[in-house]
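The numbering of the sequence shown is our numbering, which starts it at 7 and goes up by one.
These notes concern the structure reproduced below.
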Amino acid sequence: MGIEYYAVYRDRKTNHYSKIGENMRYLNKTTNYLLAAVFALALSMQVQAQWVDIQVHDPVMIEAEGQYYIFNTGQGIAMWSSPDLENWDYEGPIFPEAPEWTYDVNPEFENHIWAPDITKHDGTYYLFYSVSAFGRNRSAIAVATNSTLDKDDPDYEWVDHGPVIKSVPGRDMWNAIDPNIAYDEEGNPWMSFGSFWMGLKIFRLDESMTKPLEPQTWHTIAARHRDWTLDERDAGDAANPELDYDEIYDEETLEKNKNMGNGAIEAPFIFKKNGYYYLFASWDRCCRGLESSYKVIVGRAKDITGPYLDMDGNKLKHGGGTIIAKENELWAAVGHPAAYTFDGTDYLVAHAYAKNDEGRPKLILAEITWDENDWPSVTLK
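Quick look at the structure:
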């Protein structure tokens with residue numbers, strides 16, 4: 007299968023991905039055809055090009071009950087379904103209204119929920135999600151459950167269980183967003199997560215899947231260099247719009263940290279294959295259209311807690327990482343990776359920013375190939 011991708015709208019003034027009018031964003035299924043041909047092709051293939059309130063950012067997928075489902079960042083978490091990975095129907099938001107507890111994390115929260123992850127465990131679907139604000143680590147990862155993903159099933163109902171973990175500015179040098187659930191050889195669930203600050207963490211969940219196993223033991227699985235002169239409120243890449251960096255840092259420090267990464271890593275995803283746990287993650291910056299610099303990196307380990315090593319033997323928690331997807335002639339950046347096996351084929355799922363479409367983010371579904379040493383690669387077309 008080739009790459010599938012879908013477009014959404016970006017507000018150029020704010021760099022936020024937001025509604026078009028009252029409640030619309032457009033989903034535009036494209037190939038290499040011109041726009042007119044795309045519409046004709048969509049009609050002939052009965053592909054629905056819908057104007058809907060959705061962000062195709064931070065997508066995750068699951069195969070369930072004869073369907074494929076996508077969950078992604080957006081108002082209330084967006085949900086899509088497909089019988090074949092090609093023709094997608096919008097299923098609406100998971101949360102039409104924001105859970106009440108979210109306002110304790112962010113009083114200005116407007117139900118724009120980030121970076122979900124979906125998993126099935128012991129017959130129940132668990133949807134983990136992030137509540138935060140851009141460039142801050144006053145954040146929480148929460149979870150909701152359902153017995154089915156079929157909206158026509160009378161048992162379909164999402165039950166929110168609230169926060170699993172929270173991060174607090176001034177207390178924590180990590181950020182409670184971008185969750186991913188993976189399972190060890192004994193079937194125990196682990197949550198990896200993180201964005202900027204001091205990197206990506208992992209801990210084991212308890213049997214309820216709604217809180218950490220006690221006593222808690224956390225591990226750092228990946229990180230990037232972060233200059234110790236940076237203010238602790240700083241995510242690490244001057245992403246926080248509330249800070250006056252010219253006032254906080256002198257000119258020499260600003261210049262020194264311009265291109266060094268400065269903690270710019272996020273969105274872990276662990277994929278088990280070939281006797282290894284493969285850790286995919288994003289380097290650098292998202293959400294800036296054509297100015298984005300996201301890249302997908304990978305490392306692997308024999309144990310789910312690491313140490314994760316790149317192809318050159320460098321530890322990811324010491325700044326290592328092998329880049330497998332980045333800018334090319336079509337894409338300004340690609341990131342927030344996930345990996346799945348569907349019908350015997352391994353896929354990388356991510357979003358990327360299209361150079362030929364004003365930097366709008368697109369949903370990527372690319373086949374993963376493996377070399378003789380069991381390292382993954384993808385080709386973005």
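For glycine and all other residues, C-beta sits at the position ideal for the given N, C-alpha and C.
Helix, strand or coil at residue i according to DSSP, with G and I counted as helix
i: asparagine 186; result: strand
i: tyrosine 162; result: coil
i: valine 74; result: With the sequence shown as reference, residue 74 is identified as tyrosine, and valine is not the correct amino acid for it. Correct three-state label for tyrosine 74: strand.
i: lysine 126; result: strand
i: tyrosine 300; result: coil
i: methionine 62; result: This sequence places valine at residue 62; methionine is not what is there. Here valine 62 sits in coil by DSSP.
i: tyrosine 96; result: strand
i: lysine 323; result: helix
i: glycine 305; result: strand
i: glycine 295; result: helix
i: threonine 151; result: strand
i: tyrosine 314; result: coil
i: proline 105; result: coil
i: histidine 231; result: coil
i: lysine 217; result: coil
i: glutamate 116; result: coil
i: isoleucine 276; result: strand
i: isoleucine 68; result: strand
i: phenylalanine 134; result: strand
i: glutamate 378; result: coil
i: valine 384; result: coil
i: leucine 371; result: strand
i: alanine 241; result: coil
i: glutamine 222; result: coil
i: alanine 270; result: coil
i: glycine 141; result: coil
Burial state of residue i, where buried means 16 or more other Cβ atoms lie within 10 Å
i: leucine 40; result: Bear in mind that the predicted position of leucine 40 carries a pLDDT of just 38, short of 50, making it unreliable; the figure below should be weighed with that in mind. Exposed: under 16 other Cβ atoms inside 10 Å.
i: proline 160; result: exposed
i: isoleucine 329; result: exposed
i: leucine 386; result: buried
i: proline 274; result: buried
i: lysine 321; result: buried
i: glutamine 222; result: exposed
i: asparagine 280; result: exposed
i: glutamate 103; result: exposed
i: valine 304; result: buried
i: serine 214; result: exposed
i: tyrosine 359; result: buried
i: serine 288; result: buried
i: asparagine 78; result: buried
i: tyrosine 283; result: buried
i: asparagine 152; result: buried
i: glutamate 163; result: exposed
i: aspartate 380; result: exposed
i: threonine 130; result: exposed
i: lysine 157; result: exposed
i: glycine 319; result: exposed
i: tryptophan 143; result: It is asparagine, not tryptophan, that sits at residue 143 in the sequence shown. That one is buried.
i: glutamate 113; result: Reading off the sequence shown, one finds proline at residue 113, where the question assumed glutamate. Exposed: under 16 other Cβ atoms inside 10 Å.
Check: residue i C-beta below 8 Å from any heavy atom of the ligand SAH
i: arginine 232; result: Questions concerning the ligand SAH fall outside what the structure shown contains, since it holds no ligand whatsoever.
Opening and closing residue of the beta strand (DSSP E) in which residue i lies
i: valine 111; result: Note, valine 111: premise wrong, no beta strand (DSSP E); alpha helix (DSSP H) at 108-111.
i: arginine 210; result: 206-210
i: proline 175; result: Looking at the DSSP string, proline 175 is not in any beta strand (DSSP E), and its letter there is neither H nor E.
i: proline 195; result: 195-199
i: serine 87; result: 84-88
i: phenylalanine 286; result: 282-289
CB contact below 9 Å: residue i versus chain D
i: threonine 223; result: Although the question refers to chain D, the structure presented lacks it and comprises just one protein chain.
At 3 residues or longer, and completely inside the segment 328-368: list those beta strand (DSSP E) runs for me, N to C.
-> 328-331, 337-348 and 351-360
Would you be able to state if there are at least three C-beta pairs under 8 Å between the segment 88-102 and the segment 66-79?
-> yes
Stretch pair the segment 173-181 + the segment 125-134: three plus CB contacts closer than 8 Å | no
Report yes or no: do the segment 305-313 and the segment 343-361 share at least 3 C-beta pairs separated by less than 8 Å?
-> no
So, do the segment 225-241 and the segment 200-217 have three or more beta carbon pairs nearer to each other than 8 Å?
-> yes
Per the contact definition of three or more C-beta pairs closer than 8 Å, is the segment 132-151 in contact with the segment 181-189?
-> yes
Does the segment 288-303 come within contact of the segment 334-348, defined as at least 3 CB pairs closer than 8 Å?
-> yes
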